[in-house]
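The structure appears below as structure tokens.
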DNA sequence: GCCAACGTTGGC
DNA sequence: GCCAACGTTGGC
């Protein structure tokens, strides 16, 4: 089983929105970056766990945990010109973009801020705090996962 | 709002 | 295939 970090802007889709969904499950659309897509396509599996990360906001932070609810499948929002992430080049017969379903697991009482992550020397190797950290889906090492869960006080 | 660090596009 | 121009991300 693998661990991930997935970014979402709280102004667009906060963790509470995922929790409020039917069966606390929703599709994770709008990934329009090949590297992130390849992570989903090649490495992400049903049952993997992912941090829900609030990005591009006043206090960027890991705010909770979700579970990957199914393997990657075509992102249908790419086919709809009314959608924000419409991509005319994604052919329904040969979809360019993929998405997965995610299920809410837990919201941290104490979010683990980017600031506090940066302050942890042990987490200095995390992709989140290194260059090339703009990917909206990042792999997380098991040690890093446990460290952050502990920082959240969730053991 | 600024800007660094990318990724993508398209002319050549 | 190169690379300049442009667009996006996301912390600050």
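Numbering (our numbering), first residue to last: 819 to 973. Every residue, glycine too, gets a C-beta built ideally from N, C-alpha and C. In this text the structure is predicted, and so the values were computed from the model without any measurement.
Taking the alpha-carbon positions, what's the residue i to residue j distance?
{"i": "residue 847", "j": "residue 901", "result": "10 Å"}
{"i": "residue 918", "j": "residue 955", "result": "12 Å"}
{"i": "residue 969", "j": "residue 912", "result": "43 Å"}
{"i": "residue 873", "j": "residue 860", "result": "24 Å"}
{"i": "residue 895", "j": "residue 908", "result": "10 Å"}
{"i": "residue 914", "j": "residue 892", "result": "8 Å"}
{"i": "residue 940", "j": "residue 971", "result": "17 Å"}
{"i": "residue 885", "j": "residue 910", "result": "27 Å"}
{"i": "residue 764", "j": "residue 820", "result": "Residue 764 falls outside the range modelled here, since the chain spans only 819 to 973, and no answer is possible."}
{"i": "residue 897", "j": "residue 845", "result": "15 Å"}
{"i": "residue 822", "j": "residue 862", "result": "8 Å"}
{"i": "residue 957", "j": "residue 858", "result": "10 Å"}
{"i": "residue 889", "j": "residue 856", "result": "12 Å"}
Give the secondary structure of residue i by DSSP, where H, G and I count as helix, E and B as strand, and everything else as coil.
{"i": "residue 912", "result": "strand"}
{"i": "residue 891", "result": "strand"}
{"i": "residue 897", "result": "helix"}
{"i": "residue 927", "result": "strand"}
Grab the span of the beta strand (DSSP E) containing residue i for me, first residue to last.
{"i": "residue 844", "result": "843-846"}
{"i": "residue 824", "result": "821-826"}
{"i": "residue 871", "result": "867-872"}
{"i": "residue 884", "result": "879-886"}
Looking at the unbroken alpha helix (DSSP H) that takes in residue i, where does it start and where does it end?
{"i": "residue 769", "result": "Nothing can be reported for residue 769: it is not among the residues displayed for the chain, which extend from 819 to 973."}
{"i": "residue 833", "result": "833-837"}
Exercise for the section: Count the C-beta pairs between the segment 892-909 and the segment 924-939 that are closer than 8 Å, then say yes if the count reaches three, no if not. Expected result: no
Exercise for the section: Go through the segment 929-970 residue by residue and report every complete run of the beta strand (DSSP E) that reaches 3 residues or more, in order. Expected result: 955-958
Exercise for the section: Evaluate contact between the segment 870-889 and the segment 822-835, counting only Cβ atoms and requiring at least three cross-stretch pairs below 8 Å. Expected result: yes
Exercise for the section: Could you tell me whether the segment 860-868 touches the segment 938-952, using the rule of 3 or more Cβ pairs below 8 Å? Expected result: no
Problem - Stretch-stretch touch, CB-based, cutoff 8 Å, three pairs: the segment 959-966 with the segment 848-863 - result: no
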